[in-house]
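K.L.:
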Amino acid sequence: MKKVIVLLTIIFSSLGLSAQDLSLSASPNDILRAMRDEINRSMSQLKLESLERPYFVEYTITITDNFNASAKLGNLISRSNNKEVSLDVGIRVGNYALDNSNFMDIGSMFFGSRDMGERYSSRRIPLDLNYNVLRKELWLATDGAYKNATETYSKKLASLKNIIQKDTIPDFSKVKPFKGVDTTIFPKIDFDKITDQVLNISAIFKNYPQIYSSNISFEYLPKRIYYVNSEGTEYIKDDFFAGIEGVAYLQADKGTPIVEHYSAYARFPKDFPSLDSLRKGITLTAENITKLAQAPTLDESYNGPVLVEGQAACEVLARVFVPNLIAQREQTSEGQFSFGGNEKSNLFQKKIGGRVLPEFLSIKDDPSMTEYQGVPLLGYYKIDDEGVPAQTVNLVEKGYLKSLLSNRTPIKRVLESNGHARGGTIIISNLIMSSDQSKSLPTKELKQKFLDLVKQRELPYGIIIRKIIDRNILHTSLSAITFGNTSFLSEQNAIPLLQVYKVYPNGKEELLKNVEINSLTVQSFKDIVNVGNKGYVLNYLAPAVIQSFNFGRSIYTGSSIIAPDLLFEDLEINANDKDTPKLPFISAPVVNKK
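The sequence shown begins at 1 in the working numbering and counts up one residue at a time.
#1: On the premise that Met104 lies in contact with Thr332, defined as a C-beta separation below 8 angstroms, what is that separation, rounded to the nearest angstrom?
#2: Pick helix, strand or coil for Arg114, following the three-state DSSP scheme.
#3: Keeping to the same chain, check which residues put their C-beta closer than 7 angstroms to that of Leu617; ignore five residues upstream and five downstream.
#4: If you reduce the DSSP assignment to three classes, tell me which class Val322 lands in.
#5: Quick one: give me the first and last residue of the alpha helix (DSSP H) that Thr297 is part of.
#6: Cα-Cα, which of Ser560, Leu498 and Gly462 is closest to Glu572?
#7: DSSP three-state label for Asp167, please.
#8: Tyr131 and Ala34 - do their beta-carbons sit closer together than 8 angstroms?
#9: Is Ile432 helix, strand or coil by DSSP?
#10: Going along the chain, which residues of its own chain have a beta-carbon closer than 7 angstroms to the beta-carbon of Trp139, five neighbours each way excluded?
#11: Determine the DSSP secondary structure at Pro367, reduced to helix, strand or coil.
#12: Could you tell me whether the Cβ atoms of Leu405 and Ile432 are closer together than 8 angstroms?
#13: Is the beta carbon of Glu569 less than 8 angstroms from the beta carbon of Pro305?
#14: Are the CB atoms of Ile528 and Pro358 within a distance shorter than 8 angstroms?
#15: Along the alpha helix (DSSP H) that carries Asn40, what are the first and last residues, could you check?
#16: Which residues bound the beta strand (DSSP E) around Asp570?
#17: Only counting runs of 3 or more residues, tell me where the beta strand (DSSP E) segments fall wholly within the segment 393-475, in order along the chain.
#18: Just mark Pro460 as buried or exposed, buried being the case when its beta carbon has 16 or more other beta carbons within 10 Å.
#19: How should Ile495 be labelled, buried or exposed, when 16 other C-beta atoms within 10 angstroms of its C-beta is the threshold for buried?
#20: What residue from Gln311, Leu24, Ala264 and Asn288 has the CA that sits closest to Val133's CA?
#21: What are the complete beta strand (DSSP E) segments, minimum 3 residues, inside the segment 53-120?
#22: Note down the Cα distance separating Asn100 from Leu275, rounded to an integer number of angstroms.
#23: Could you check whether the segment 232-251 touches the segment 444-458, counting it as contact only if at least three pairs of C-beta atoms, one from each stretch, sit closer than 8 angstroms?
#24: What residues in its chain sit with their C-beta under 8 angstroms from that of Leu538, if we drop five residues either side in the sequence?
#25: Which term fits Leu498, buried or exposed, when burial requires 16 or more other beta carbons within 10 angstroms of its beta carbon?
#26: By DSSP's criteria, Arg124 is part of a beta bridge. Which residues make up the other side?
#27: What do you get for Glu232, buried or exposed, if any count of 16 or more other CB atoms within 10 angstroms of its CB means buried?
#28: Is it right to say Phe585 is buried, meaning 16 or more other beta carbons lie within 10 angstroms of its own, or is it exposed?
#29: For Ile481, which option in Gln349, Ala248, Phe348 and Tyr265 has the closest C-alpha, if you only look at C-alpha atoms?
#30: Which first and last residues belong to the beta strand (DSSP E) in which Glu596 is found?
#31: Please report the residue range of the alpha helix (DSSP H) in which Gly310 lies.
#32: Tell me the rounded alpha-carbon separation between Glu509 and Val308.
#33: Can you check which of these residues, Ala203, Leu48 and Ile428, is closest to Gly144 by C-alpha distance?
#34: With DSSP run on the structure shown, which of helix, strand or coil describes Pro305?
#35: Let me check understanding here. Comparing Cα to Cα, which of Thr557, Ala575, Asp565 and Tyr302 lies closest to Leu221?
#36: Quick check: the Cα distance between Thr195 and Pro257, rounded to an integer number of angstroms?
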């Protein structure tokens, strides 16, 4: 990736923003000048009694224009469009080798700092900004951030006096200062037209009275981000996310909850499927959930070959394999407790050079991709949140782990950032799994190979998985319409499945409900025997791989996974035997379809 760097003042003065844009009353140059001036003042004058001056200061200003609409059964539930500006301040005291980061101040997180000062993370600031107003907001937030940083640094030094450190990796990596711009004219949208489409689509569920609850929601979140740090890095960039989600819920016999969902995510609403395609997708969702309600479940556990197709193939990668591709620095705390992610997502930290997949599979992450075979991708970006140019990273080559995605917090085997800091954490962009041609089979041949494995094991049937519940939708939209009754879909030890089929030796398929995977681990991916010859694109909201104690970060970030169908030699599939809510005491009222 090449980027032409020119004087920021020239670029900012020629942005040519439309009337409907992400600008503020203050000009881009005034915003950056205020950020620079306050950083310079902080670096030279900020000092608290006998404590150290900061060695690093960073400011991020984010302007967001929120568009939201939701509807149920053809009726509008909510509709809003509001603009907001937030400020984040980061301060480091000490030096690159040892500073206030990578330390969990548990007391402050749960009980507050000794000096509860000004808010410096996600601080809401006025829309009507000018140079002087912004300087004051920066000053107040910087004061709060500095007090917190010095307190944390003192606690960290005190904690380290009681141990002999084996890990001498620097707390923060040095990078070459970068100046760049990645902006575009803010694409106008017809919000009234989109709202009408949401109403139109939501009315489809009127034709399915068996469904207890349903919802269609639209969201568009264009952002403009200004960033300046004390090392000389400056950027201004735009970030776009648009999504349409449809969810449905009912209870089958014995109260078994059944859910289904449809989603379309892109950077811009113009990249959504057509209205006809959206209507077909929601209609199929409604039909699927009514079929699921009548479907049987597994009578006993299944252990054997499993073919994972399309969305499900990408989803199992996202849930189980991808979190381990993130560089995770272990954090210490008072009392020398360590926090370094959970045991399911930090298995690769010391495994670079080891085999993690069959030797015919490779994985790379490429932020520069805007589409794949004509499908727009959600994970595109040029500059990460720390001002590091995005890089393509070869993560797995012919089965062997080569690297991990990283930010400026080094680990032993990955000492430098490869430009993957987004949403306050490290996240994938566009992750692509590829295969040697000899192990890639057309759809029909792959299914036949699957059936051959079933016959070799002398099993009465095999299992095909075509859809898995999206985690973001489960914990947001589905949780809302099921009245919080999603405990039956607990993911602690299992992955809940949506579209699962028994497949008999003659090829006949039988839909199953209330089924989950219990045995899928990162080691299971070594048991992939063949893959399909076509990649499926999953645009989704990737969850942050962080400890639950880390606040102030984005929970989900737009990303893409491209993967073929996956044939596993052996997996365990079980019926979900969790307790279920009781059925309603009386039947649902008749719904007017008009």
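Here a beta-carbon is modelled for each residue, glycine too, at the ideal position from N, C-alpha and C.
Computed from a prediction, not measured in an experiment: that's the story for all the values here.
P.N.:
Walking through what the data contain:
#1: On the sequence shown, position 332 is the one that residue 332 refers to. On the sequence shown, position 104 is the one that residue 104 refers to. Yes, Thr332 and Met104 are in contact; Cβ-Cβ is about 7 angstroms, under 8 angstroms.
#2: Against the sequence shown, residue 114 aligns to sequence position 114. Because Arg114 sits at a pLDDT of 47, beneath the cut-off of 50, its placement in the model cannot be relied upon, and the point is left open.
#3: Since the first residue shown for the chain is 1 and the last is 594, residue 617 is missing from the structure and cannot be characterised.
#4: Counting from one through the sequence shown, the residue named residue 322 turns up at place 322. Three-state result, Val322: helix.
#5: Here residue 297 refers to the residue found at position 297 when the sequence shown is read from its first residue. Premise fails: Thr297 is in no alpha helix (DSSP H) and is neither H nor E.
#6: Locating residue 572 in the sequence shown gives position 572, counting from the first residue. Distance check between Glu572 and each of Ser560, Leu498 and Gly462 places Gly462 closest, using alpha-carbon atoms only.
#7: By one-based count along the sequence shown, residue 167 stands at place 167. Looking at Asp167 - three-state DSSP - the assignment turns out to be coil, as it is neither helix nor strand.
#8: Position 34 of the sequence shown, counted from the start, is the residue given in the question as residue 34. Position 131 of the sequence shown, counted from the start, is the residue given in the question as residue 131. With respect to the 8 angstroms criterion, Ala34 and Tyr131 are classified as neighbours on the basis of their beta carbons.
#9: Locating residue 432 in the sequence shown gives position 432, counting from the first residue. The answer is strand: DSSP assigns Ile432 an E or B state.
#10: Taking the first residue of the sequence shown as 1, we reach residue 139 at position 139. Glu38.
#11: Residue numbering aside, residue 367 sits at position 367 when the sequence shown is read from its first letter. In the three-state reduction of the DSSP assignment, Pro367 falls in the coil class, being assigned neither a helical nor a strand state.
#12: Position 405 of the sequence shown, counted from the first residue, corresponds to residue 405. Position 432 of the sequence shown, counted from the first residue, corresponds to residue 432. If you check the CB distance, Leu405 and Ile432 do not come in under 8 angstroms.
#13: As a working note, residue 569 is residue 569 in the sequence shown. As a working note, residue 305 is residue 305 in the sequence shown. Yes. Within cutoff.
#14: Numbered from 1 along the sequence shown, position 358 holds the residue referred to as residue 358. Numbered from 1 along the sequence shown, position 528 holds the residue referred to as residue 528. The beta carbons of Pro358 and Ile528 sit closer together than 8 angstroms.
#15: The residue you call residue 40 lines up with position 40 of the sequence shown. Unbroken alpha helix (DSSP H) run through Asn40: Pro28 to Gln45.
#16: Locating residue 570 in the sequence shown gives position 570, counting from the first residue. Looking at the DSSP string, the run of the beta strand (DSSP E) that includes Asp570 is Leu566 to Ala575.
#17: Counting whole runs of 3 or more residues, the segment 393-475 contains the beta strand (DSSP E) stretches 393-397, 430-435 and 462-468.
#18: Position 460 of the sequence shown, counting from 1, holds the residue named residue 460. Per the 10 Å Cβ criterion, exposed.
#19: Taking the sequence shown and counting its residues from 1, the one referred to as residue 495 is at position 495. Buried.
#20: For the purposes of this step, residue 133 is taken as the residue at position 133 of the sequence shown. Of the candidates Gln311, Leu24, Ala264 and Asn288, the one whose C-alpha sits nearest the C-alpha of Val133 is Leu24.
#21: Within the segment 53-120, the runs of beta strand (DSSP E) that reach at least 3 residues and sit entirely inside it are, in chain order, 54-72 and 75-93.
#22: Indexing the sequence shown from 1 puts residue 100 at position 100. Indexing the sequence shown from 1 puts residue 275 at position 275. Separation of Asn100 and Leu275 (C-alpha to C-alpha, rounded to the nearest whole angstrom) is 51 angstroms.
#23: With contact defined as three or more Cβ pairs closer than 8 angstroms, the segment 232-251 and the segment 444-458 are not in contact.
#24: By one-based count along the sequence shown, residue 538 stands at place 538. So the list reads Gln311, Cys314, Glu315, Ala318, Ser560, Ile561, Ile562 and Ala563, once near-sequence residues are dropped.
#25: The residue you call residue 498 lines up with position 498 of the sequence shown. Within a 10 Å sphere around the beta-carbon of Leu498 sit 16 or more other beta-carbons, which makes this residue buried.
#26: Along the sequence shown, read from residue 1 onward, the residue named residue 124 stands at position 124. The beta-bridge partner set that DSSP reports for Arg124 consists of Ser86.
#27: Within the sequence shown, the letter at position 232 stands for residue 232. First, the amino acid is wrong: residue 232 is Gly here, not Glu. By the neighbour-count rule (16 or more Cβ atoms within 10 Å), Gly232 is not buried but exposed.
#28: As a working mapping, residue 585 is identified with position 585 in the sequence shown. Phe585 should be labelled exposed.
#29: Taking the first residue of the sequence shown as position 1, residue 481 is located at position 481. Residue Ala248 is the option with its Cα nearest to Ile481.
#30: Limits of the chain in this structure are 1 at one end and 594 at the other, which puts residue 596 out of reach.
#31: On the sequence shown, residue 310 is found 310 positions in, with the first residue counted as 1. Run containing Gly310: Gly310 to Val316, per the alpha helix (DSSP H) assignment.
#32: What you label residue 509 is simply residue 509 of the sequence shown in a count that begins at 1. What you label residue 308 is simply residue 308 of the sequence shown in a count that begins at 1. If I take the Cα positions, the gap works out to 14 angstroms.
#33: Within the sequence shown, the letter at position 144 stands for residue 144. Measuring from the Cα of Gly144, the nearest candidate turns out to be Leu48.
#34: Residue mapping note: residue 305 aligns to position 305 of the sequence shown, counting from 1. Correct three-state label for Pro305: strand.
#35: To locate residue 221, count along the sequence shown from 1; it is residue 221. Comparing Cα-Cα distances from Leu221 to each of Thr557, Ala575, Asp565 and Tyr302, the minimum goes to Thr557.
#36: Taking the sequence shown and counting its residues from 1, one reaches residue 195 at position 195. Taking the sequence shown and counting its residues from 1, one reaches residue 257 at position 257. Thr195 and Pro257: Cα-Cα distance of roughly 30 angstroms.
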